[in-house]
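**Student:** Residue numbers (the working numbering): 598 to 711. First the structure, then my questions, so here it is.
Pasting the structure below:
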């Protein structure tokens, strides 16, 4: 499928990684800071392997890590962390979908795009 090929391409995964590490959500990124540094050390190989796993059909999303931060109200705020590869894949999918939707908009209306 053409869209899946585009989503799993190394170029799209590189763009996804760039968008993740330069995103504006500073508080969330602080939790990932050390992982981002470690991933970046072997970024090219990591992206290449991720692309190969996607294209070869062996990619499986990882489990999530969830913990709770206490709030002043006594309630707890759930915080969920995804594996970096999963974050990159989800951003790569979003890159492709956003491009398709932006091309499908005409006069403020969205037309069939897939």
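All C-beta atoms in this analysis are idealised placements derived from N, C-alpha and C, irrespective of residue type, glycine included. In this text, all values refer to a predicted model and were calculated from it rather than measured experimentally.
Roughly how many angstroms separate the alpha carbons of residue 684 and residue 603, rounded to a whole number?
**Tutor:** Approximately 17 Å, taken between the alpha carbons.
**Student:** Do the region 661–673 and the region 618–628 meet, that is, are 3 or more Cβ pairs less than 8 Å apart?
**Tutor:** Cβ pair count under 8 Å is below three, so no.
**Student:** By the three-class DSSP mapping on this structure, what secondary structure does residue 639 have?
**Tutor:** In this structure, residue 639 counts as coil in the three-state DSSP scheme.
**Student:** For residue 628, collect the residues of the same chain with a Cβ closer than 7 Å to its Cβ; drop the 5 residues on either side in sequence, then sort them by chain order.
**Tutor:** Hits under 7 Å: 678.
**Student:** Tell me which same chain residues have a C-beta within less than 6 Å of the C-beta of residue 711, skipping the five on either side of it?
**Tutor:** Unreliable placement is indicated for residue 711, whose pLDDT of 48 sits below 50; the coordinate value is still reported in the next sentence. Within the same chain, residue 711 has no close Cβ partners at all.
**Student:** Leaving out the 5 sequence neighbours to the left and right, which residues in its chain are closer than 7 Å to residue 610 when beta-carbon positions are compared?
**Tutor:** Correct list, in chain order: 644, 647, 648, 685, 689.
**Student:** Beta-carbon within less than 6 Å of residue 664's beta-carbon, same chain only, minus the 5 sequence neighbours each way: which residues are those?
**Tutor:** Excluding positions up to five away in sequence, the list reads 676.
**Student:** Please return the same chain residues whose Cβ sits closer than 8 Å to the Cβ of residue 605, not counting the five positions on each side in sequence.
**Tutor:** Once the five neighbours on either side are set aside, the close Cβ partners of residue 605 are 648, 651, 652, 689.
**Student:** Count the other C-beta atoms from every protein chain shown that fall within 10 angstroms of the C-beta of residue 681, then say buried if there are 16 or more, exposed otherwise.
**Tutor:** By the neighbour-count rule (16 or more Cβ atoms within 10 Å), residue 681 is buried.
**Student:** Counting only the same chain and skipping the five closest in sequence on each side, list residues whose C-beta sits under 7 Å from that of residue 616.
**Tutor:** The answer, listed in chain order, is 688.
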